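*Asks:* Heads up: the protein sequence lines correspond to chains A and B, in order.
Be aware that the first sequence starts at 258, since it is given in this note's numbering, and climbs by one per residue.
Be aware that the second sequence starts at 258, since it is given in this note's numbering, and climbs by one per residue.
Just so you know, even glycine gets a beta-carbon here, dropped at the ideal spot from N, CA and C.
Since we're looking at a predicted model, the values are computed, not measured.
Protein chains: 2
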Amino acid sequence: MTSPSFIAFIHMEREFLIYNTLTRRKERFEPINQGLVGIYVCGPTVYGDAHLGHARPGITYDVLVRLFRHLGFKVRYIRNITDVGHLENDSDNGEDKIAQKARIEQLEPMEVVQHYTIRYHEAMKLLNSLPPSIEPRASGHIIEQISLVETILEKGFAYESNGSVYFDVERYNRDYPYGILSGRSLEDMVTNTGRVLEGKQDKRSQFDFALWKKAAPEHIMRWPSPWSVGFPGWHLECSAMSAKYLGDNFDIHGGGMDLLFPHHECELAQNTASRGTGGVKYWMHNNMITINGQKMGKSLGNFITLEELFTGSHKILTQPYTPMTIRFFILQAHYRSTLDFSNEALIASEKGYKKMMQAKRDISSINPKQGVLSPEIKSLHEGIYEALCDDMNTPIALAHLFDAVRIVNSAKDGQLSLTTEDKQVIEELFENIAEGVLGLSDEQSISSNSNIINGVMEMVLEMRKEAKANRDFAKSDMIRDNLSRLGITIKDTKEGAEWSI
Amino acid sequence: MTSPSFIAFIHMEREFLIYNTLTRRKERFEPINQGLVGIYVCGPTVYGDAHLGHARPGITYDVLVRLFRHLGFKVRYIRNITDVGHLENDSDNGEDKIAQKARIEQLEPMEVVQHYTIRYHEAMKLLNSLPPSIEPRASGHIIEQISLVETILEKGFAYESNGSVYFDVERYNRDYPYGILSGRSLEDMVTNTGRVLEGKQDKRSQFDFALWKKAAPEHIMRWPSPWSVGFPGWHLECSAMSAKYLGDNFDIHGGGMDLLFPHHECELAQNTASRGTGGVKYWMHNNMITINGQKMGKSLGNFITLEELFTGSHKILTQPYTPMTIRFFILQAHYRSTLDFSNEALIASEKGYKKMMQAKRDISSINPKQGVLSPEIKSLHEGIYEALCDDMNTPIALAHLFDAVRIVNSAKDGQLSLTTEDKQVIEELFENIAEGVLGLSDEQSISSNSNIINGVMEMVLEMRKEAKANRDFAKSDMIRDNLSRLGITIKDTKEGAEWSI
Chain A
258 MTSPSFIAFI
268 HMEREFLIYN
278 TLTRRKERFE
288 PINQGLVGIY
298 VCGPTVYGDA
308 HLGHARPGIT
318 YDVLVRLFRH
328 LGFKVRYIRN
338 ITDVGHLEND
348 SDNGEDKIAQ
358 KARIEQLEPM
368 EVVQHYTIRY
378 HEAMKLLNSL
388 PPSIEPRASG
398 HIIEQISLVE
408 TILEKGFAYE
418 SNGSVYFDVE
428 RYNRDYPYGI
438 LSGRSLEDMV
448 TNTGRVLEGK
458 QDKRSQFDFA
468 LWKKAAPEHI
478 MRWPSPWSVG
488 FPGWHLECSA
498 MSAKYLGDNF
508 DIHGGGMDLL
518 FPHHECELAQ
528 NTASRGTGGV
538 KYWMHNNMIT
548 INGQKMGKSL
558 GNFITLEELF
568 TGSHKILTQP
578 YTPMTIRFFI
588 LQAHYRSTLD
598 FSNEALIASE
608 KGYKKMMQAK
618 RDISSINPKQ
628 GVLSPEIKSL
638 HEGIYEALCD
648 DMNTPIALAH
658 LFDAVRIVNS
668 AKDGQLSLTT
678 EDKQVIEELF
688 ENIAEGVLGL
698 SDEQSISSNS
708 NIINGVMEMV
718 LEMRKEAKAN
728 RDFAKSDMIR
738 DNLSRLGITI
748 KDTKEGAEWS
758 I
Chain B
258 MTSPSFIAFI
268 HMEREFLIYN
278 TLTRRKERFE
288 PINQGLVGIY
298 VCGPTVYGDA
308 HLGHARPGIT
318 YDVLVRLFRH
328 LGFKVRYIRN
338 ITDVGHLEND
348 SDNGEDKIAQ
358 KARIEQLEPM
368 EVVQHYTIRY
378 HEAMKLLNSL
388 PPSIEPRASG
398 HIIEQISLVE
408 TILEKGFAYE
418 SNGSVYFDVE
428 RYNRDYPYGI
438 LSGRSLEDMV
448 TNTGRVLEGK
458 QDKRSQFDFA
468 LWKKAAPEHI
478 MRWPSPWSVG
488 FPGWHLECSA
498 MSAKYLGDNF
508 DIHGGGMDLL
518 FPHHECELAQ
528 NTASRGTGGV
538 KYWMHNNMIT
548 INGQKMGKSL
558 GNFITLEELF
568 TGSHKILTQP
578 YTPMTIRFFI
588 LQAHYRSTLD
598 FSNEALIASE
608 KGYKKMMQAK
618 RDISSINPKQ
628 GVLSPEIKSL
638 HEGIYEALCD
648 DMNTPIALAH
658 LFDAVRIVNS
668 AKDGQLSLTT
678 EDKQVIEELF
688 ENIAEGVLGL
698 SDEQSISSNS
708 NIINGVMEMV
718 LEMRKEAKAN
728 RDFAKSDMIR
738 DNLSRLGITI
748 KDTKEGAEWS
758 I
């Protein structure tokens, strides 16, 4: 076995390419601070159960963090909880999603937050996604957000209007390119949509966005500020919290493609307006999941929560899918590709996942011959690291792992033999990559107990039936008594013996 | 089965007595708002693993919340996370516990907070303590704390000194009795300790306590305020957060006896200084756990974390104890009594707990005769509710439940017979009280699978040995092949057959 420091040494030297949304190309990852990586990922707005759309970023950035750690980096992974300020729509006039839910359920907004935060954590744990190093909450960083608004006001990139503060996009665009991240230009946006402001609004332009909103009297979540009793704009929290925990300049900002505009564009503008730099070296975006080719949405009737997936309790599901099947399914596509959900695809993932876990279990019982690493194993080992370090190409890494699965199966069938080094390297790949980096843990070892009991009991009852048929009542009674001592009751019915614990 | 609303009706009419630390007597509980109960409990300072001392309040107030819900009340249960401002000692000059730990481990303080918060949640979950309705963090409520300091300053009960703000205890004591909760008087304290202020201090009197502390340059956790960049005093968070989530006047404040002074005394003083009322109708305090008669402490070498208890990995432990054994042990004493930990006492609890769970499992297989409730069952049912509603007397409730256990065992042995109503009431007591209110879930149903496999496999291997001895190789091969299909490998050794999954 190579020591961790040796692994760190060989792999930190490896070229690790990341596709940077900001530059629209793959770039060699170079950490701002040697050996350390700071990652900020946009977490959930906790006003409902986690759904399939949460699973993809939850798994994608988990693999990124695991990979960096495997390569020897020390990672600080921040994923926030949005518990205030996320408006129902992006017009700044929508209702706060959490406050709205609270009114419906007659709860304090923070009771809603607590409920869904716990459910989110449970779902992420089932998916084997590690908790972040820090999980800051928007409502817990109001002071930091107010300070940031003050700075942006001082720098002249925002204005106050009736107790609210807005980011002045046109003013900003005179100094810095607004739209640089999402590939838009303000000029085009103005041309395409005009400058229409619907109804009475406090803001000067429809492109401006709220940094601070004065609270309407019925708004429950509210804090004092220099401008009004109110609440922060949604985009603000990520600028404030990423700087607080990772510094003014940090390595990686991740999130779903749906957050690219306006959320991340506004975040980048806020960073730049307050400190003259976008703050983020590499912007990463995972693509969306579609369902049978359609966008997922509550109105389309194809909105599936993770719990529904795990239990199979949604009308479009033909069966339940385990968390590891979902994880495997997500990793079978590159994170920047769209991924179409269908029962067929999920069933194929289930098969693939089970096959891999079976090979992982089987290899330990294979007797290797003395010898060094064979070129085939060496090449698939290399291929896996190359794929993972090529913008986290998990489908290619999985394809190489399946080469290993095939080799294990052939060795098991006696069609080829493995050397001691072959066996060791394959075991390490299953352990360190499949489980360690890709996070594919073996579900059977958890759930198998009941299958095994069922199987053994079937055999035991068959033997009891046989004993009875042979009039060997001593044996049939012995079986019954032994089981009874273990808390197993046998009941003879017309259909045969039944047992229960 | 009685409907929940009927249960609610009969039991909300029941007199529920709570010992109120403030008045030093048992009082009839009368909610401030009909049908609703607001409870605030001091949670952990997250700078280390949860230990035996955390288990007692974690379980005591969990039972209180479960009991209120069982009686038909709607409960809002707030338990905070102290993640800033808790000084190493109570002198206001100590080092912040979390910041100190961070420096040692070279982490951001909030990484320490995240790590130990997750561990605390896991420990509470194992102990079957339900999560609170809201779990506010001190660092997430700095604005609320600053507002509270401003109010106390305006009312004249605090003063600023070198960027810090102190509560003026002597000034407060001229209008309100400082010490009313803990049963002290400032006059006695002055007489006993004198007015000595050690060294150079910003505060006027040693009895004054910090509401806001100016941060030393090396202090990591810091926020802007009207007085300095600094951090709130430890006592402040509970005053600010309880008022925010439960209102200016709420029903119950709970915590460990060790928090009575100075923490709760100062909290009460802050409440009163800011709004003219102590704010809390009933103050509840659980007593301490001693270990072999000694106070638990790191320096005494008898400091036991919950993980050490669950795994048995501490030198003073003769065996591991399961979470339910710990829970049962804690409930066997009244929460206001001290509770002495010893291996003997824990082993006794383990036996008692197992006996109760066995009876809970056994009762379902008892065939009752038609009939109404017998006086004995009626009386123990009544006794249980009476005990629980008499200041949560869990040891007496458990004693009555053991009467039910004895009755079940006698019925099982055929020494007495139960009526259908008897059986139903006992089942409901096990379900609604033992499990529902006391939170004693059946651990065997979780862990038993492996015991059962071991037991059945022992028998199966014995039968295989016998078949071989009888030269019935068809049968011994059949057993081996069947097991192999279930993923069980048999290995014949000199000591007999061994099996593995």
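#1: Cβ atoms of residue 429/A and residue 414/A: under 8 Å apart, would you say?
#2: What does the alpha-carbon distance come out to for the pair residue 717/B and residue 615/B?
#3: Should the stretch 273-288 of chain A be called in touch with the stretch 603-614 of chain A, which here means at least 3 C-beta pairs below 8 Å?
#4: Taking 8 Å as the CB-CB limit, is residue 594/A close to chain B?
#5: Can you name the residues of chain A whose CB is closer than 9 Å to the CB of residue 684/B?
#6: Under the assumption that residue 658/B contacts residue 641/B (Cβ atoms under 8 Å), give the Cβ distance between them as a whole number of angstroms.
#7: Evaluate residue 348/A with the Cβ neighbour count: other Cβ atoms within 10 Å of its Cβ, from every protein chain shown; 16 or more gives buried, anything less gives exposed.
#8: By Cβ distance, which residues of its chain are closer than 8 Å to residue 689/A, with the 5 residues on each side in sequence left out?
#9: Identify the residues that DSSP records as bridge partners of residue 334/A: which are they?
#10: Could you give the distance in angstroms between the alpha-carbon of residue 370/B and the alpha-carbon of residue 335/A?
#11: What does residue 712/B touch in chain A if you count any residue whose Cβ is under 7 Å from its own?
#12: Which residues bound the alpha helix (DSSP H) around residue 445/B?
#13: Within 8 Å (strictly less), CB to CB, does residue 348/B reach chain A?
#14: I'd like the list of long-range same chain contacts for residue 626/B, defined as Cβ closer than 8 Å, with 5 residues on each side in sequence excluded.
#15: Between the Cα of residue 619/B and those of 643/B, 372/B, 558/B and 687/B, spot the shortest distance and give me the residue it belongs to.
#16: Tell me whether residue 301/A is buried or exposed, calling it buried when 16 or more other Cβ atoms sit within 10 Å of its Cβ.
#17: Assign residue 562/B to one of three DSSP states: helix, strand, or coil.
#18: At which residues does the alpha helix (DSSP H) containing residue 586/A begin and terminate?
#19: Return the first residue and the last residue of the beta strand (DSSP E) that residue 320/A is part of.
#20: Contact check, residue 598/A vs residue 547/A under 8 Å by CB: the rounded distance?
#21: For residue 332/A, tell me which candidate among 323/A, 545/A and 340/A has the shortest Cα-Cα distance.
#22: Sorted by chain position, which residues of the same chain lie with C-beta nearer than 7 Å to residue 603/B's C-beta, five sequence neighbours on each side aside?
#23: Within 10 Å of its beta-carbon, does residue 621/B have 16 or more other beta-carbons around it, so buried, or fewer, so exposed?
#24: Quick check on residue 426/A: buried or exposed, where buried means 16 or more other Cβ atoms within 10 Å of its Cβ?
#25: Using the beta-carbon of each residue, which ones in chain B are nearer than 8 Å to residue 368/A?
#26: My output table needs one value for residue 713/B: the three-state DSSP class, helix, strand or coil.
#27: In whole angstroms, what separates the C-alpha of residue 272/A from that of residue 365/B?
#28: If I measure Cβ to Cβ from residue 691/B and keep anything under 8 Å in the same chain, skipping five residues before and after, which residues do I get?
#29: With 8 Å as the threshold, decide whether the Cβ of residue 345/A is near any Cβ in chain B.
#30: Suppose the cutoff is 6 Å on Cβ atoms and the five residues either side in sequence are ignored; what does the same chain contact list for residue 524/A look like?
#31: In angstroms with no decimal places, state the Cα-to-Cα distance between residue 217/A and residue 461/A.
#32: Rounded to the nearest angstrom, what separates residue 564/A and residue 555/A at their Cα positions?
#33: Answer yes or no: does any C-beta atom of chain A fall closer than 8 Å to that of residue 300/B?
#34: With DSSP collapsed to three states, give me the class of residue 475/B.
#35: Report the neighbours of residue 397/B on chain A: residues whose CB is nearer than 8 Å to its CB, in chain order.
#36: In whole angstroms, give me the CA-to-CA distance for residue 263/A and residue 297/A.
*Replies:* In short:
#1: For residue 414/A and residue 429/A, yes; Cβs fall inside 8 Å.
#2: Distance between the alpha carbons of residue 717/B and residue 615/B is about 26 Å.
#3: Verdict: no, contact absent.
#4: Under the 8 Å criterion on CB atoms, residue 594/A is classed as non-interfacial with respect to chain B.
#5: By Cβ distance, chain A contributes nothing, its closest Cβ being about 17 Å from residue 684/B, past 9 Å.
#6: Contact between residue 658/B and residue 641/B holds, since their C-beta atoms are separated by about 7 Å, short of 8 Å.
#7: Any answer about residue 348/A is weak, because its pLDDT of 46 lies below 50 and its placement is not dependable; what the coordinates show is given next. With fewer than 16 other Cβ atoms within 10 Å, it is exposed.
#8: The residues 327, in chain order, have a CB closer than 8 Å to that of residue 689/A in the same chain once the five nearest residues on each side in sequence are set aside.
#9: DSSP, once it has assigned bridges, lists 296/A as partnering residue 334/A.
#10: Whole-angstrom Cα-Cα distance: 13 Å.
#11: Residues of chain A whose Cβ lies closer than 7 Å to the Cβ of residue 712/B are, in chain order, 743.
#12: Element bounds for residue 445/B: 443-450.
#13: For residue 348/B, the predicted model reports a pLDDT of 46, less than 50, meaning its position is unreliable and no value from the coordinates is stated.
#14: The beta carbon of residue 626/B sits closer than 8 Å to the beta carbons of 674, 675, 676 and 677 from its chain, once the five residues preceding and following it are set aside; these are given in chain order.
#15: Out of 643/B, 372/B, 558/B and 687/B, 687/B has the C-alpha closest to the C-alpha of residue 619/B.
#16: By the neighbour-count rule (16 or more Cβ atoms within 10 Å), residue 301/A is buried.
#17: It is a strand residue.
#18: First-last of the alpha helix (DSSP H) with residue 586/A: 580-588.
#19: Counting along the chain, residue 320/A falls outside any beta strand (DSSP E), though it belongs to the alpha helix (DSSP H) covering 309-327.
#20: Residue 598/A to residue 547/A, Cβ: 7 Å. Contact.
#21: Minimum Cα-Cα distance from residue 332/A among the listed residues 323/A, 545/A and 340/A corresponds to 323/A.
#22: Within the same chain, residue 603/B has close Cβ partners 578, 582 and 586.
#23: Under the 10 Å beta carbon count, residue 621/B is surrounded by fewer than 16 other beta carbons and is classified as exposed.
#24: The residue is buried, with at least 16 neighbouring Cβ atoms inside 10 Å.
#25: Close to residue 368/A, with beta-carbon spacing below 8 Å, are these residues of chain B in chain order: 333, 390 and 391.
#26: Correct three-state label for residue 713/B: helix.
#27: Residue 272/A and residue 365/B have their C-alpha atoms spaced approximately 29 Å apart.
#28: For residue 691/B, the CB contacts under 8 Å within the same chain, skipping 5 residues up- and downstream, are 613, 617, 658 and 697 in chain order.
#29: Confidence in residue 345/A is poor, its pLDDT being 45 and thus under 50, which makes the residue's placement too unreliable to answer from.
#30: So the list reads 492, 495 and 496, once near-sequence residues are dropped.
#31: Not covered by the structure: residue 217/A. The range shown for chain A is 258 to 758.
#32: Residue 564/A and residue 555/A: Cα-Cα distance of roughly 16 Å.
#33: False, the Cβ-Cβ gap to chain A never drops below 8 Å.
#34: In the three-state reduction of the DSSP assignment, residue 475/B falls in the coil class.
#35: Neighbours of residue 397/B in chain A, taken as residues whose beta carbon is under 8 Å from its own, are 394, 396, 397 and 398 in chain order.
#36: Low confidence applies here, because residue 263/A scores a pLDDT of 47, under 50, leaving its location unreliable; read the following figure in that light. Spanning the two alpha carbons is a distance of roughly 28 Å.
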